[in-house]
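Novice:
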Amino acid sequence: MRTPVYELHIRPMFTATDRDHMIPRSLNLWSYDEVVEHAEKILELLEDADPNRTMPPPEVGGPWPQEWIDLFRRWKEGGRKRLEVGAAEITVKRTTGAVTIKATGTFPAAGYQGWLQLESESDTAKTYVLYFEPPDAPVAGTAGAFELKERYRATDTRTLFIHDSTGVQEH
Ligand code: HEM
266 MRTPVYELHI RPMFTATDRD HMIPRSLNLW SYDEVVEHAE KILELLEDAD
316 PNRTMPPPEV GGPWPQEWID LFRRWKEGGR KRLEVGAAEI TVKRTTGAVT
366 IKATGTFPAA GYQGWLQLES ESDTAKTYVL YFEPPDAPVA GTAGAFELKE
416 RYRATDTRTL FIHDSTGVQE H
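Residues in the sequence shown are numbered from 266 upward in steps of one, following our numbering.
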């Protein structure tokens with residue numbers, strides 16, 4: 266069964282409203298470290314049947330369906346996996362038809378996967394993040410080389426940013 270991963274399966278269950286309302290109460294739900302630190306209490310409140318205590322509160326769309334709570338528990342009890350932000354050489358090719366982003370390099374170890382994921386977008390900008398997913402358990406062998414591509418239409422002329430382990434750069 267697929268191991269749940271914070272960035273792919275857990276963080277998207279927390280809405281921007283959840284995050285915004287909990288930040289003043291010292292819990293940033295889009296922070297891996299903070300969700301790990303408070304995972305026990307979060308699960309307890311997600312499961313609380315009392316409408317005055319359950320999180321998220323019923324006035325803002327709570328409670329979660331049982332499947333989401335089960336997924337959170339499986340993540341919490343199954344290694345609390347997260348992604349890594351990778352390092353690569355990035356090139357961007359612009360033709361009349363398409364913008365092609367290419368990330369090349371070598372994974373940190375055998376068994377890794379990687380991809381470019383659209384992290385955020387606005388009317389004027391789009392930002393891709395270079396994600397690496399480690400294997401669930403160490404894999405024997407040498408680290409593989411990668412060439413990851415992402416392409417979109419050239420009619421999309423928004424400013425392109427790429428987030429990798431060196432930070433966020435305009436391309
Ligand atoms: C350590 C875990 C948590 C604690 C101790 C906690 C505590 C609280 C407290 C004391 C409030 C104020 C209650 C009120 O004014 O009625 C609150 C509000 C809120 N919490 Fe949490 N919470 C936790 C986790 C969560 C989680 C996991 C979510 C979302 C999945 C969430 C979403 C919200 C929202 C959206 C509000 C604002 C409600 C409103 O303004 O109407 N909280 N939380």
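Positions of the beta carbon are idealized from the N, C-alpha and C atoms, including for glycine. Source: prediction; values computed, not measured.
For residue 274, which three-state DSSP category applies?
Specialist: Three-state result, residue 274: helix.
Novice: Quick one: what's got a C-beta closer than 6 angstroms to residue 409's C-beta in the same chain, skipping five residues either side?
Specialist: Answer for residue 409: 372, listed in chain order.
Novice: Can you name the start and end residues of the alpha helix (DSSP H) that residue 308 belongs to?
Specialist: Where residue 308 is concerned, the enclosing alpha helix (DSSP H) stretches over 304-312.
Novice: Apart from the five residues on each side of it in sequence, which residues of its chain come closer than 7 angstroms, Cβ to Cβ, to residue 381?
Specialist: Excluding residues within five positions, the ones whose Cβ falls inside 7 angstroms are 366, 368, 393, 395, 413, 415.
Novice: Pull up the distance between the alpha-carbon of residue 346 and that of residue 307, whole angstroms please.
Specialist: In a straight line, the C-alpha of residue 346 is about 17 angstroms away from that of residue 307.
Novice: Per DSSP, what kind of secondary structure is residue 279 in: helix, strand or coil?
Specialist: Here residue 279 sits in coil by DSSP.
Novice: Less than 6 angstroms between C-beta atoms, sequence neighbours within five positions excluded: which residues of the same chain meet that for residue 358?
Specialist: Excluding positions up to five away in sequence, the list reads 365.
Novice: Count the C-beta pairs between the region 272-284 and the region 329-348 that are closer than 8 angstroms, then say yes if the count reaches three, no if not.
Specialist: These segments touch.
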